[in-house]
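Student: Input: one structure, supplied below.
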Amino acid sequence: MPKIENPLLLSLYSKVVDQVLSETNNIDEANRRLRDIGREVGSQIYLTTDIVDRTKDTITTREDVSKLVEIIFRVLYDKKPTLVDMETARGSVRVTDESCIWCQDVHLEGMAGFGYCEVFSGILESLLAFKGVEAKVFQEMCRATGADSCEWNIRLQ
Amino acid sequence: MAGDLERALSKLRTDNQVLGYSLMTKVGRPFISFSFPGDIFPRVKDSIKLYKSDLRLMTIDTEKGLVVLSPVDANWILTVLYIHELQLGVAIAKTKNVLRLLEGIELPPPPEDFEDSAEANLQVLQSIAIKAASTAPGASEAVMTSPQAKSLPSVAPAPKAAIEKQSPSPDDFYVLPTTIPKKGETHSNALSLDSVLCSEMKKVYRNFGFDVLMLVDGSRTVTQIAESMFQPNERVASFLKWAASKGIVALPEAKERTPEEKASPSMGRFVKCPLFEGDLSKVKSEDVPILKLCDGSRTPEKIAEETGSPQVRVIQVLALYRRLGLKMIGKAV
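This is the structure we're talking about:
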């Protein structure tokens, strides 16, 4: 039996994904819908957690963004992201998680480009916006569709 | 050669921050120029003379603007005049971008005698290149193909026919952040300033289209292109879809999709199908009929129907064999 962390969250999220996929016409739209949901969830997370207290008032550098992402991971998942890459692209911060909580034991076929964990893109985008960072976040790779890890790209505007 | 050179230089011509440029010989004689103020040439020539073969990349702050000099090869120097307000780093980066485009073009050495900055110099350069190619052993094939680029206006009607032939709309193409766009049939035509396609592209996308096309090389992903331009993926993807509909770029993923998928934008119904790859000899005999059908193509409902078992019973069996490696495969059908 695969070891599932937080099965309640997973079951609820699986239901959300099923619902989104049944209501959308293509993968782009489904990804967008999941990001929208994430943005809405983001404000709730910002209200109910101590992210606000644990982070700097003003986020100005990519190092600050990286630190913020680490705090978000700590608060939401009680762990560190596998990698926060600030070097590869000048305008982006890439976050890698090899044990992503959202797509545990999810196997998708023929759905290349679908970001099962796009909800987290929306959450990140929303939390960054609350800290004054304008960014577009999207999932670049997903374990559910066969990648080794889940990867999000935070494109700073 | 001339077409490629023209295309590379057109990048400068269409840049609002470029006041003028000149392709100069190694001794500082202007060969091909565009809006480059004549009174700056002596100063540029002096600078070139000063550094001679040691010239790498040099900037001169003049009353007309910022001049960036950079050697293209042993015979040629590219000189670009930028507006005063432009940051030095940006000016250098812009010049380097054009130099990158010139890298793949083999420019022949300048003729011994020529008129400074004459319009016909481009053709002179081309005829030298063709002559050199025709005297080189085994080069006849290359010469046979080169006349296509001989005169830009003469090739203009052909791409027009190509545009008419292609009727897909931008929505027929599918672009993901990981998609690697390739150059399409009309790519070079879109970069030719006098083509209909170029005018159409400029009308809709202005210089943005040029910039994206310059980065389409068959190896960069949409994300990488967007990142190097500091632009959102969506904007780049939207342009690429348009460009694909005109044959300017080719999107491999779109080609790989089946005609059914292409015809319908819908991805179908999302289902989860159990897949059991374990050893059937180790499972209880009463569960075998259900597990035999767990091949990743049937839903639990379908399995229940085919085995005549209640759906609850199927779910019970599936749950039981999760620990023996049974997976649920999500897919759109």
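Which chain is which? The protein sequence lines are A and B, in order.
Going by the numbering used here, the first residue of the first sequence is number 1, and it counts up by one from there.
Going by the numbering used here, the first residue of the second sequence is number 1001, and it counts up by one from there.
Glycine included, each C-beta is placed from N, C-alpha and C at the ideal position.
Keep in mind it's a predicted model, so treat the numbers as computed, not measured.
Using the Cβ count rule (16 or more neighbours within 10 Å means buried), how would you classify P1310 of chain B?
Tutor: exposed
Student: Measuring only the C-alpha atoms, how far is D1113 of chain B from R1007 of chain B?
Tutor: One C-alpha to the other measures close to 25 Å.
Student: From P1071 of chain B to I1077 of chain B, what distance separates their C-alpha atoms?
Tutor: 4 Å
Student: Quick one: what does DSSP say A1332 of chain B is sitting in, helix, strand or coil?
Tutor: A1332 of chain B sits in a strand when the DSSP states are folded into three classes.
Student: Taking DSSP as the reference, what is the three-state secondary structure of L1012 of chain B?
Tutor: helix
Student: Considering A129 of chain A, what are the terminal residues of the alpha helix (DSSP H) in which it resides?
Tutor: 118-130
Student: What three-state label does DSSP hand H1187 of chain B in the structure shown?
Tutor: helix
Student: Would you please state the rounded distance, in angstroms, between the beta carbons of Y1082 of chain B and V1068 of chain B? I believe it to be under 8 Å.
Tutor: About 7 Å separates the beta carbons of Y1082 of chain B and V1068 of chain B, which is inside the 8 Å limit, making them a contact pair.
Student: So the candidates are A:S11, A:D18, A:Y46, A:I51; which of them puts its Cα closest to the Cα of K1272 of chain B?
Tutor: A:D18
Student: Looking only at its own chain, which residues have a Cβ that is under 7 Å from the Cβ of M1201 of chain B, when we skip the five neighbours before and after it?
Tutor: A1190, G1209
Student: In the structure shown, what three-state DSSP assignment does F1276 of chain B receive?
Tutor: coil
Student: From what residue to what residue does the beta strand (DSSP E) around D1061 of chain B run?
Tutor: Per DSSP, the unbroken beta strand (DSSP E) holding D1061 of chain B starts and ends at 1058-1061.
Student: For L1240 of chain B, which residues in chain A fall below 7 Å Cβ to Cβ?
Tutor: Within 7 Å Cβ-Cβ: nothing; L1240 of chain B doesn't reach chain A, min ~13 Å.
Student: Can the beta-carbon of E140 of chain A be found less than 8 Å from the beta-carbon of T1178 of chain B?
Tutor: Yes, they are a contact pair.
Student: By the 10 Å Cβ neighbour count, where 16 or more other Cβ atoms means buried, how is P1030 of chain B classified, buried or exposed?
Tutor: By the neighbour-count definition (other C-beta atoms within 10 Å, threshold 16), P1030 of chain B is a buried residue.
Student: Can you pull out the residues from the stretch 64-96 of chain A whose beta carbon lies closer than 9 Å to at least one beta carbon of chain B?
Tutor: Within the stretch 64-96 of chain A, contact with chain B at the beta-carbon level (separation under 9 Å) is assigned to T88, A89, R90, G91, S92.
Student: Give the C-beta separation of I59 of chain A and L124 of chain A to the nearest angstrom, bearing in mind that I take them to be a contact with Cβ-Cβ under 8 Å.
Tutor: Actually they are not in contact, since the Cβ atoms of I59 of chain A and L124 of chain A sit about 13 Å apart, beyond 8 Å.
Student: For my contact list, L1275 of chain B and D1295 of chain B are in at a C-beta cut-off of 8 Å; report their separation, rounded to the angstrom.
Tutor: Here L1275 of chain B really is in contact with D1295 of chain B; their C-beta atoms are around 7 Å apart, less than 8 Å.
Student: For chain A, check one thing: does any of its Cβ atoms lie closer than 8 Å to the Cβ of P1265 of chain B?
Tutor: Note that P1265 of chain B scores a pLDDT of 46, beneath 50, so its modelled location is shaky; the value from the coordinates is reported in the next line. So, interface residue.
Student: List the endpoints of the continuous beta strand (DSSP E) containing Q139 of chain A.
Tutor: 135-141
Student: Thinking C-alpha only, which one of A:E70, A:T88, A:G132 is nearest P81 of chain A?
Tutor: Closest by alpha carbon: A:E70.
Student: If we define contact as Cβ-Cβ less than 8 Å, is G122 of chain A a contact residue for chain B?
Tutor: no
Student: In the DSSP assignment, what are the bridge partners of H107 of chain A?
Tutor: B:I1329
Student: Assign T1095 of chain B to one of three DSSP states: helix, strand, or coil.
Tutor: helix
Student: Alpha carbon to alpha carbon, how far is R94 of chain A from E5 of chain A?
Tutor: 24 Å
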